[in-house]
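Note that full-length UniProt numbering has the sequence shown beginning at 1, numbered continuously upward. Think of the CB as a built atom: it goes at the ideal place given N, C-alpha and C, for glycine as much as any other residue. The structure appears below as structure tokens.
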Amino acid sequence: MMNVGSKYHTGPVTSLCVVKGNIIAGIGNSLYLYDLEERQCILKQAGVIHSGNIHGIRKSLSNDVLLCVFGGKVLRVVGAGKSPGVRTLDPLGEEYMADDWIWDVCWLQQQGQQDQLAVATAHNVVLRLDSTLTKLSQVACVENCILYCAKFLGTCWEHLILAAGTVFNQVLMWAPNGQTNTTGQSLVIHKLIGHQGVIFSIEFSSARRQICTVSDDRSVRVWQLQFPEETEDSDRVISLDWWQQCQSTELFVLYGHSARVWDVKILTSSIVSVGEDSTCCVWDNQGKITQRFKGHKGKSIWSLAVEDTGKFAVTGGGDSSIRLWYMDESKMTDQLVSHVLVPPRQQESDTDFPRIVAMISWDGVITMTNEGRLMLHSQSTRMWTTLMSDVTFTSYSVLSLSPHHTHLVALGNISGTLRLLFTKQSDTTCNVMDLEWCQKDFDVHRGKVYSINWISASSLLTSGPDGEMIYWELGLSSNQVTLQKLCSLELPPCKHRWVSAATMTSDLLVCGDRGGSVHVYCMRTSPSPQSQSSVQTFYRIHGKTCVTHICYHDNYIYSAGRDGTYNQYEVIEDKLVLLHSNKIHKGFDWLDRLDFTCKDRDLLVYGFHSNNFVLWSNQNNQRLVQIPCGGGHRAWDSRIHGNSIRFVYIRTGEVVLCETELSTNQVLLKESLHGREVTDILHLKSYDQGGSPVHIIGTCSEDTQVNLLSLTDNQYGVTELKQLTTLQGHISSIRTLAMCGSGLPWKQPHSERILLFSGGGRAQLLVWRVTIPKPSGLHGNTDLMVDGVSHETLYNYMIDHWNNRNRKPWKGHNLKPNPETRFMDLAVVRVKDVWSLAPPGVHILMAACSDGYVRFYCFDEEVQTLTLLEESAFHDHCVLQVLSMIHHTPDNSSHLVCLSAATDGRVAFWDLNHLVLDFIEKNYHKKVIRDEMKCKCCSEGVESIRPASADKKDDLKVTSERETDLPLQDHCPNMKDHCACPCHKHRNLQSECSTGQGTVHHEHRHDADDNINQRCQGDSSYTGHCNKLKTTAATATRDSLDPVFVISSHQSGVNSLHICKLTDCQYMVGSGGDDNALGLSNITMATNKVTSHLEVTTNWSVLKENAHSAQITGLHILGERRAVTASVDQRVCVWDISTETGKLPQIQLVWCKFVQVSDISSMTVWISDRLNILTAGVGLEMLSAAMNDEVEDSSQ
């Protein structure tokens, strides 16, 4: 019997509690203790309740080391330790199982008695339990209806009141110890009526005599209670007689959430609410929102806790993160201070007004007016001074401040003059009004100066008419300035032909124009009298709008634009390579500046959202500042000093200076996973770091993102998840991931590269290349892994997606009957792993599509092109699964085999040899390849590519995950035999991405006939045509691609598929379906010596019906005797496959474990020194088992 335990679990945070300044969180059925000083988890107590999720944690009133934890129908008492710091969470006694769902638990204060508990259940019933969880009494309300929430008011049984939120949108208040009817049911003493939806939470403040309710109608309602003979002593216990005479008034109806409101807490001077919109709102006593915290991804903040004094609030979201928000009372009022700065006008001039504004320092604001006056304002002295006044700068001027010199200003006018203003003083601490300014003019263009961009402290770039750009070298001393022309450049044609942003790295000048394009110029060449053209252009990479900012940071180039994206580039061999593109959030479409902070390595994004100026923290996923200013179409500037920010802009001819505090009040205690459900998961690699295993995994989700994560133990031995990087680019949900090793040479010894393929909705497929550091490059510090992981987007492909640059895309576009095609599954193989002399960067990609097609692509990593080789509608149903494998025969020949499965319940085998070899011969020097790759073992003289395994042994041992010296692409830890490794979506990885600039080549494209001529049976060998495909001239010389074998084992869809090599020619094929059945088949593969086609025969097939209670979504065959399955029923099972001579094999259950992940969508299994099973769905859970002799033998 295998000893399996839960190594790690993350999912929605369903309960929170603040105990002794620490945070206790309920995730699944486990408790986690977070230390606020260290800001990490220091203790985990698994399996506090037997099943279900923990939905509530209640502290004892008399003994603060006792907690009552409940969820579902179960509650349990937990001891939180008696030491000064809470360091233990020990369950005390057995669980108590109620007859109904538990909504609330209250510790009772009883004089002279031990602690007792009051329990409210879902049918308006209250239980009374003693300290041993023995039921003392049970009371039901006369209104015996379904409750959506319940809350105990009071702590004494004699005066206890239950406020119950019913399905009828009412709050019923009744006393378990109050008046009853003839049947013993308690009567309702008061009702709160007003909500237009069901009520999700109720909170009561005895000090404020207020009840707060939240509802499905998106409202927060505050009810003021009036009691008879009320005194100023608010701490006095409210007696039952007072409750019976209570009067209520609806004080506030608050709307601030955009979706349903889940929970609410009442503090002394504020109210805190959380909802389905992932927002935490703080309201004051007048019903106004003073703070709005947004940091959680996706939908819903499920749990809320507040510190007793109101110092902070803690929220737990559906994205699995826990965030602490400091609620500083001083910040609960509007701290935005605005000043209108009015420059003095010239006498008798009505046409003089500010045109340009900038901040020369924290204290100084510089303004250029329409009449050509340059004004300087000191905020400390509130005084103006005129730096210059020149009519040649009237009506038109451009201004740029040097970011490297505090007091260096460049001005340009309509006649081509560049004026430099500088100060004689080098002291930057003196008051700006005490500075002495000098100026000097230079004629730089024969016409208007369109823009001025500072490249460095001693160089700048100016733009003139007809795309002329001049690169200047600046010489600056205390009394004079010189300007020398280095070279002339030409900007490619566009509507607004001038530079809007520029930066320099090594010998490359990178410019962005007003048309949204990024251009690269090589500055290594010697100066020429002719204008130099760009060597590389990213045409409209930021759409048709302006490139607003370009900068160089940490060996990367970044660009931002008004399309709401910022891009990251890498310089490789004097070329700019686009790594990836990122968006901040929906609606934030105007990015104007990027600023990297040195202290906390954060990326600050300046931009405009609607009519507001916004400063966004990328690291905290939080808006730091929002200032209403009217939008981005105005001159503006901003500076940060300490924890304050000043923002200056022009509005209706006035200069407005705003100052406020940066609201960096968020502490991330637990990192997020995804904003929606996880749809697929990959194990990338594992290695040993200081005796502790580190697992690198990849996940994709409905939230359109791919995350690369690491699972490692912290210093307290608690396994934590760290986000290494996020891959963005999908426009719809991501369904599947696949990976393989990079085929191109890589000269960095401390890192390795993989290709990652992701596919999903809108028929979109992305190819990424990910670089992951090896353990040798981390120097024992796993935190370096976060900075070491990088990625680039190699290719962005959509089926039948027309060219975006075509002005009339509807012309010549054939409409598809199913426009909502989705990639359901992907599998990829590096061709060099099949035939050792094949081109190194060529990969074969297999795709299962929802329109009933199985599509086969070839991706060339070096030139970044994706070619459609073939597509087949054999299944005629939605294809759910594809799987790839390499079959090496005893005579040293190789077959690239694909398995596909669909909702028709059939598993098809495809021999891709002819398809791939024909393509390689045609596109990669076919004669040279044929001559160089002759198979020496082919006695008939048939020429073929030599198999990759010709020089390898037939039997390979399992590669340990700790053997990190091997390249990632050279081993597959999931299989005992590398040659039989399926290399599909749960196998080795590699990714390189493209921006979609390449061309998708359609090598062979067929449409299926209306009728499938022959249906295939799975109990015999099949080599005929299952459907006839129309072929093009390129494929007329060979048979159309059809399955070579078909297995029919399920009544409906096949959701999981796996194959395992047993001997040289014998394999075990497994499938799990929508019919809850597990199918296993023992097959033999052989090569027809005459046709060289693959032949498949079945030795035996067996079907285990009702293996699970729901569809099977994960399957992995460990060997001849073991298989692992996962299902939507939240069970992971290990099965024994027993075979006896002359009898059909029997599938018997070895063990079954309930997991905390609901809606399991994927499972991956790998073997290091232990058996590791990772399931994904609404969260992640990793199971780990010791590899005993029985399991090791079965996997050989």
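How far does the beta strand (DSSP E) with residue i in it reach, from first residue to last?
i                 : result
valine 518        : 518–522
glutamate 473     : 468–476
aspartate 263     : 261–266
aspartate 241     : That residue, aspartate 241, is in no beta strand (DSSP E); its alpha helix (DSSP H) goes 240–244.
valine 274        : 271–275
glutamine 1148    : 1146–1154
glutamine 666     : 666–670
alanine 163       : 161–166
glycine 103       : In the sequence as presented, glycine is not what sits at residue 103; that position holds tryptophan. Per DSSP, tryptophan 103 belongs to the beta strand (DSSP E) from 102–108.
phenylalanine 823 : 823–830
methionine 1182   : 1170–1186
Would you please state the rounded distance, in angstroms, between the beta carbons of residue i and residue j? I believe it to be under 8 Å.
i            : j                 : result
serine 273   : histidine 257     : 7 Å
cysteine 522 : leucine 508       : 6 Å
arginine 524 : cysteine 546      : Contact flag wrong, Cβ pair sits at about 29 Å.
leucine 896  : alanine 848       : So it is not a contact: roughly 17 Å between Cβ atoms.
arginine 260 : phenylalanine 200 : 7 Å
alanine 80   : leucine 67        : 6 Å
Output the distance between the C-alpha atoms of residue i and residue j, rounded to the nearest integer angstrom.
i                 : j              : result
histidine 404     : alanine 313    : 41 Å
glycine 287       : asparagine 621 : 27 Å
cysteine 658      : valine 648     : 6 Å
cysteine 141      : histidine 159  : 16 Å
lysine 1089       : histidine 914  : 15 Å
threonine 132     : proline 775    : 52 Å
isoleucine 1059   : valine 718     : 35 Å
phenylalanine 874 : glycine 1072   : 20 Å
alanine 908       : serine 872     : 12 Å
arginine 769      : glycine 852    : 29 Å
threonine 423     : histidine 407  : 6 Å
leucine 153       : leucine 162    : 6 Å
histidine 791     : serine 559     : 17 Å
serine 610        : glycine 587    : 8 Å
valine 391        : threonine 503  : 32 Å
methionine 359    : lysine 575     : 35 Å
aspartate 130     : cysteine 281   : 38 Å
serine 239        : glutamine 226  : 13 Å
On the CB-based measure, 16 or more other CB atoms within 10 Å of its CB, does residue i come out buried or exposed?
i                  : result
glutamate 654      : exposed
valine 176         : With the sequence shown as reference, residue 176 is identified as proline, and valine is not the correct amino acid for it. The residue is buried, with at least 16 neighbouring Cβ atoms inside 10 Å.
proline 628        : exposed
leucine 578        : buried
glutamate 143      : buried
tyrosine 539       : exposed
glutamine 969      : Its pLDDT being 35, under 50, glutamine 969 is placed unreliably by the model, and nothing is read from it.
glycine 729        : buried
glycine 642        : exposed
phenylalanine 1154 : exposed
serine 692         : exposed
histidine 553      : exposed
glutamate 436      : exposed
glutamate 38       : exposed
histidine 542      : buried
tryptophan 636     : buried
Please report the residue range of the alpha helix (DSSP H) in which residue i lies.
i          : result
lysine 922 : 913–923
When DSSP builds the beta bridges, which residues end up paired with residue i?
i                 : result
phenylalanine 856 : Met846 and Glu870
methionine 327    : None, per the DSSP bridge assignment.
phenylalanine 70  : Gly56 and Leu75
glutamate 791     : As written in the sequence, residue 791 is histidine, which differs from the glutamate given in the question. DSSP lists Val770 as partners of histidine 791.
tyrosine 552      : Ile557
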